[in-house]
Amino acid sequence: MTGALLDERVAFVRQVRRAATARATRAIAEPLVVVGLGFWVVVGLAGVVVPQIVDRAGNQMDTGVLGTGGYSARWFAFALGLIMVATIAPNHVAAGGTRRSLFRGSLLAAAVGGVFNGLAYAVAKLAERSYFDALGWTWEAPEFLVFGGRSGFTLTVVAAGLAIAAYVLVGIAVAIGYLHHGPWRGTLLLVPNAAVLALAEVATRTERFLEPLGPELTGATAVAATLVATSAVVVIAAGWLRLNLRTLPIRPSR
Amino acid sequence: MTAPFGARLDDVVVRFGRQRRVTSDGGTYRADASAALDGASLTIRPGTITGVLGRNGAGKTTMLSLLAAYRRPTAGTLAVGAGDDPAAWEDPWENPWVTSNVQLVSEGGGVQDDEKLRETLKYYADLRPFWDADTAERLLETFEISTRKKPNALSRGKRSAVGAVLGLASRAPLTIFDEVYLGMDAPTRYAFYDEILADYAAHPRTILLSSHLVEEVERLFEDVVVLDRGRVLLAESAEEMAARGFSLTGPTTAVERLAGDRRILHRQQLGGTVQVTLEGAPDDGTRAAAREAGVEVGHLPLQDLFVRLTDPAARAGHPDGAGR
């Protein structure tokens, strides 16, 4: 192959690889943002209406409804990741995309979904705290992923975003497990998938786990430990997804 | 556009493990491991329309899936690429150079069933480097397919037509149609065949066409591959294949005299007239003698040869055919 032809081919491959990764990213990330926006609007409305009802009844709440909403957001992202990849994976390969570009697209989409939902979570928490203040109530942070201090907002976005990204990746791995191995072994693979999610749950509560070990392990140390732990879970989830995806066969349907 | 792609299989085996299968009455049973391809070897010439024939379960879809990197072989080697030198071709698995240049379509396959068809078309438009949106639009009109419908809401024939649109509009240097006629009515099928020929003439590439409707599609074929029980029974040009046999039709005594010791592949009698299908090509002497005796010499229809070749009774006497 001559140098010019080789250059042409390298450019061609680069272009198709980028196009495939970008398309997979968009296909998975769009619902995570668009449908996710709808989710947070509903959760936000509940966060306003429920305290109003409680306040008018003359009662008071300690924690808002957004704590539950934040936790639900992970499962929402998990489900969207699962549904979208189950829909596009055969289409992606049939259209000439590789499993590698689908994996890269999944990673980028998980990052986008994580940032968006982490941001929404942190904004919702801030708004809820202000709302509680306005009602004259004392707001208590939920037991995970709300950091105080000057950099608390950013840290909350990052930590909640990492947790959601891990859930998205595991959701995608569940879909790939079923596509790859069928209903029986796909269901068996829910066990390791659940194990990764359990790790994510533990990682998001790192701060609480460190508390009994002594005051020197709280504060900045706890924040750093939480971020490292959630990052590690994202890496594990990504590795697990790659393992499942790299040999995925596509069955021509009829 | 990249030059037409060729493909080569060397002793390729694809074995499926034991799997649970569903019977027509809803029960299940465990099927033993079986070889969908069992030492298949052949070369697909670049820039041709090649017919891929075989009975149900012969391994056609499995072989075509390998070329599009839908799956990997259990054993053997596979290479796909541009140019006439097979040594320069590459393994298609996870190879974006190959996968973006190879398009496999089957009836209803490779689409997003739960999304409107336009979403699938957008996906192909983004990924396929040579996607022709005008062709796609024109063919959708020809086949009367609405892009606002979801593929799973389309009839079987329309789903096949969607496959035809994707295959033709992708303009891939290796385009594979795997039984993309199922459910199509006759006018749609003929429109599809005409579109293949017109598009092939305007945009030369390699086309593989798998079909059970041999009589309808044989006019398209330049090369023919016949698979049987996971092996390549033969792979040769349509001309070579046509020379494998001929028919004699006329008075019984004259036909039998002309047939002589030749192997009779098929015989049909109607009153005093008989038609026999004979192995081999007729020589000039036979042609002249036939003319004198009022016997008509005809070509061997591909379908007849295919039926004879894959007939279980005839199979025992046929050597294992490796392709070119």
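Chains A and B are the protein sequences, given in the same order. Just so you know, we're using the UniProt record's numbering here: the first sequence kicks off at 1 and counts up by one. Just so you know, we're using the UniProt record's numbering here: the second sequence kicks off at 1 and counts up by one. Backbone N, C-alpha and C fix where the C-beta goes; we use that ideal spot for every residue, glycine too.
Contact list for the region 90–124 of chain A against chain B, Cβ threshold 9 Å: Those residues of the region 90–124 of chain A that come within reach of chain B (Cβ to Cβ, closer than 9 Å) are P90, N91, H92, V93, A94, A95, G96, G97, T98, R99, R100 and S101.
Checking 8 Å against the spacing of the C-beta atoms, do V225 (chain B) and V232 (chain B) come in under that value? Remark: C-beta atoms of V225 (chain B) and V232 (chain B) approach each other more closely than 8 Å.
Which class does I145 (chain B) belong to by DSSP, given the choice of helix, strand or coil? In the structure shown, I145 (chain B) sits in coil (DSSP, three-state: anything other than H, G, I, E or B).
Starting from the N-terminal side, write out each stretch of the alpha helix (DSSP H) that is 4 residues or longer and does not extend beyond the region 227–306 of chain B. Whole alpha helix (DSSP H) segments, 4+ residues: 238–242, 252–259 and 284–293.
Beta strand (DSSP E) segment containing Q15 (chain A), residue limits: The continuous stretches of beta strand (DSSP E) do not include Q15 (chain A), which lies in the alpha helix (DSSP H) extending over residues G3 to R56.
For D114 (chain B), three-class secondary structure by DSSP: Looking at D114 (chain B) - three-state DSSP - the assignment turns out to be coil, as it is neither helix nor strand.
Contact set between the region 35–50 of chain A and chain B, restricted to residues whose Cβ is under 7 Å from the partner: Within the region 35–50 of chain A, no residue has a Cβ lying closer than 7 Å to any Cβ of chain B.
Confirm, please, whether the CB-CB distance from V233 (chain A) to A203 (chain A) is below 8 Å. Yes, the Cβ-Cβ distance between A203 (chain A) and V233 (chain A) is below 8 Å.
Helix or strand or just coil, what does DSSP make of A36 (chain B)? Residue state, collapsed to three classes: strand.
E94 (chain B) versus chain A: which residues are under 7 Å apart at the beta carbon? Taking a Cβ-Cβ cut-off of 7 Å, the neighbours of E94 (chain B) in chain A comprise T98, R99 and R100, given in sequence order.
By how many angstroms is the C-alpha of R15 (chain B) removed from the C-alpha of P312 (chain B)? Rounded to whole angstroms, P312 (chain B) to R15 (chain B) spans 22 Å at the Cα level.
Minimum C-alpha distance to V228 (chain A) - residue among A:W240, A:R251 and A:L199: Cα-wise, what sits closest to V228 (chain A) is A:L199.
Nonlocal neighbours in the same chain, by C-beta distance under 7 Å from I49 (chain B), ignoring five residues either side: Contacts found: Y200, I207, L209, L220, F221 and E222.
Can you tell me which of the three DSSP states I164 (chain A) falls into? In this structure, I164 (chain A) counts as helix in the three-state DSSP scheme.
Cα-Cα separation, V214 (chain B) to I44 (chain B): Using only the alpha carbons, I get a separation of about 19 Å.
By how many angstroms is the C-alpha of D304 (chain B) removed from the C-alpha of A281 (chain B)? One C-alpha to the other measures close to 15 Å.
Could you pull the start and end residues of the alpha helix (DSSP H) that A111 (chain A) belongs to? Unbroken alpha helix (DSSP H) run through A111 (chain A): R99 to L135.
Which residues in the same chain have their Cβ closer than 8 Å to the Cβ of H318 (chain B), if we skip the five residues on either side of it in sequence? Legend: pLDDT at H318 (chain B) = 47, less than 50; position of this residue unreliable, value from coordinates given subsequently. The beta carbon of H318 (chain B) is closer than 8 Å to those of L233 and L309 in its chain, skipping five residues each way along the sequence.
Here's a check: name, in chain order, each residue in its chain whose Cβ is nearer than 7 Å to the Cβ of F39 (chain A), leaving out the five neighbours to either side. Closer than 7 Å at the Cβ level, and outside the excluded window around F39 (chain A), lie A73 and F76.
So which of A:T21, A:G69, A:V93 and A:S231 has the shortest CA-CA distance to A163 (chain A)? Among A:T21, A:G69, A:V93 and A:S231, the Cα nearest to that of A163 (chain A) is on A:S231.
Between the alpha carbons of A20 (chain A) and G239 (chain A), how many angstroms are there, rounded? Going from the Cα of A20 (chain A) to the Cα of G239 (chain A) covers about 20 Å.
Secondary structure at residue 273 (chain A), three-state DSSP: helix, strand or coil? Any property of residue 273 (chain A) remains undetermined from this structure, which presents chain A solely from 1 to 254.
Measure the beta-carbon distance from L37 (chain B) to G230 (chain B) and round it to whole angstroms, keeping in mind my assumption that it falls under 8 Å. The Cβ separation is near 5 Å, so the contact holds.
Can you tell me the Cβ-Cβ gap for L67 (chain B) and V80 (chain B), rounded? I've got them flagged as a contact below 8 Å. With 8 Å as the limit, L67 (chain B) and V80 (chain B) qualify as a contact, their Cβ atoms being about 6 Å apart.
With a cut-off of 8 Å, does the C-beta of A19 (chain A) fall near any C-beta of chain B? For A19 (chain A), the answer is yes, since a Cβ of chain B falls inside 8 Å of its Cβ.
Going straight from the alpha carbon of Q11 (chain B) to that of L227 (chain B), what length do you get? Reading the sequence as shown, one finds Asp at residue 11 (chain B) and not Gln. In a straight line, the C-alpha of D11 (chain B) is about 13 Å away from that of L227 (chain B).
I88 (chain A): contacting residues in chain B (beta-carbon distance under 8 Å): Near I88 (chain A) (Cβ distances below 8 Å), the residues of chain B are Q112 and Y123.
Between the alpha carbons of D62 (chain A) and G47 (chain A), how many angstroms are there, rounded? So the alpha carbons of these two residues sit roughly 13 Å apart.
Proximal chain A residues relative to Y70 (chain B), where beta-carbon distance stays under 7 Å: Simply V93, P249, I250 and P252.
So, is the C-beta of Q103 (chain B) closer than 8 Å to a C-beta in chain A? So, interface residue.
DSSP state of G70 (chain A) mapped onto helix, strand, coil: Three-state result, G70 (chain A): helix.
Close beta carbons around G157 (chain B), own chain, < 7 Å, minus the five adjacent residues each side: The beta carbon of G157 (chain B) lies closer than 7 Å to those of G183, M184, D185 and T188 in the same chain, with the five residues before and after it left out.
With 16 as the cutoff for other CB atoms within 10 Å, does T253 (chain B) come out buried or exposed? It counts as exposed.
List the residues of chain B that R205 (chain A) touches, going by C-beta distances under 8 Å, in chain order. What R205 (chain A) touches in chain B, judged by beta-carbon distance under 8 Å, is nothing: the nearest beta carbon there is about 36 Å away.
Which chain B residues are close to V13 (chain A), counting only those with a beta carbon under 7 Å from its beta carbon? Neighbours of V13 (chain A) in chain B, taken as residues whose beta carbon is under 7 Å from its own, are P96 and W97 in chain order.
Taking just the CA atoms, how far does V223 (chain A) sit from F5 (chain B)? About 56 Å.
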